[in-house]
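Note sheet for the following structure.
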Amino acid sequence: MVTVTINVNGENRTASVSPETTLLRLLRENFLLTGSKLGCDVGDCGACTVIVDGKPINSCLMLAAQADGREVLTIEGLASMNRVHPLQKAFEDCASLQCGFCGPGVILSAKALLDEVPDPSVAQIRDALGGNLCRCTGYVKMIEAIQIAARDMRGETQEVNR
Ligand code: FES
Ligand code: FES
433 MVTVTINVNG ENRTASVSPE TTLLRLLREN FLLTGSKLGC DVGDCGACTV
483 IVDGKPINSC LMLAAQADGR EVLTIEGLAS MNRVHPLQKA FEDCASLQCG
533 FCGPGVILSA KALLDEVPDP SVAQIRDALG GNLCRCTGYV KMIEAIQIAA
583 RDMRGETQEV NR
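Laid out in structure tokens, this is it:
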């Protein structure tokens, strides 16, 4: 067993896990943060995307031990003080998700993009979502929501298309 301490959503949490335990399983099974989804388990779908030290990663491909001492943001930590993040609001306003399974990963990939690129082009948004598979939506409403959230985060007035 290895002892791992991670700052998850602003809180230090510790668990003892077997060396082969992935970050995804640590989050879901030890910390009961089940927003990050187990899809393919081999790095293809992006359903397990979380942000580690500011970068989006597939948590099914990172060992829990590799995350020791690092900062991890999951979808559960995105809202603050009971206020949803602009991305969450825009995804809801635009009805950007259908089954929702891909949603946490998509939104965290988008957050990582907007943290680096406040005014991304459609091509940059598409590129940022390149590792996130969605079998339901066709991505159009997601891209629209990310553009709306970006304007919101830049403090610009916007109209929300419902
Ligand atoms: Fe990690 Fe699919 S579950 S990429
Ligand atoms: Fe169903 Fe994306 S909304 S997989």
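The sequence shown begins at 433 in the numbering used here and counts up by one.
Ideal placement from N, C-alpha and C gives every residue a C-beta, glycine not left out.
- Straight across, the Cα-Cα distance linking Pro518 with Thr435 is about 35 Å.
- Contact holds between the segment 455–462 and the segment 474–493, because three or more Cβ pairs, one in each stretch, are under 8 Å apart.
- In the displayed model, Lys487 falls within a strand according to three-state DSSP.
- Taking every protein chain shown into account, the CB of Ala527 has fewer than 16 other CB atoms within 10 angstroms, so this residue is exposed.
- If you look at Ser448, you'll find it in the beta strand (DSSP E) that goes 443–449.
- Annotated as distal: Ala542 and Met513, with beta-carbon spacing of 9 Å or more.
- A contact between stretches requires three or more CB pairs, one per stretch, nearer than 8 Å, and the segment 520–538 fails this requirement with the segment 495–504.
- Taken atom to atom, the span from the alpha-carbon of Arg515 to that of Asp476 is near 31 Å.
- By the beta-carbon neighbour count (other beta carbons within 10 angstroms, threshold 16), Leu545 is buried.
- The beta carbon of Thr481 lies closer than 8 Å to those of Ser468, Pro488, Ile489, Asn490, Ser491, Pro536, Gly537, Val538, Leu540, Ser541, Gly563, Asn564 in the same chain, with the five residues before and after it left out.
- Distances from the alpha-carbon of Asp559 to those of Val449, Leu470, Ile578, Arg567 put Ile578 closest.
- Distance between Pro451 and Met433, taken at the CA atoms: about 6 Å.
- Sixteen is the threshold: when 16 or more other Cβ atoms of the shown chains lie within 10 Å of the Cβ of Leu510, as they do, the residue is buried.
- Rounded to whole angstroms, Phe463 and Ile438 show a C-alpha spacing of 11 Å.
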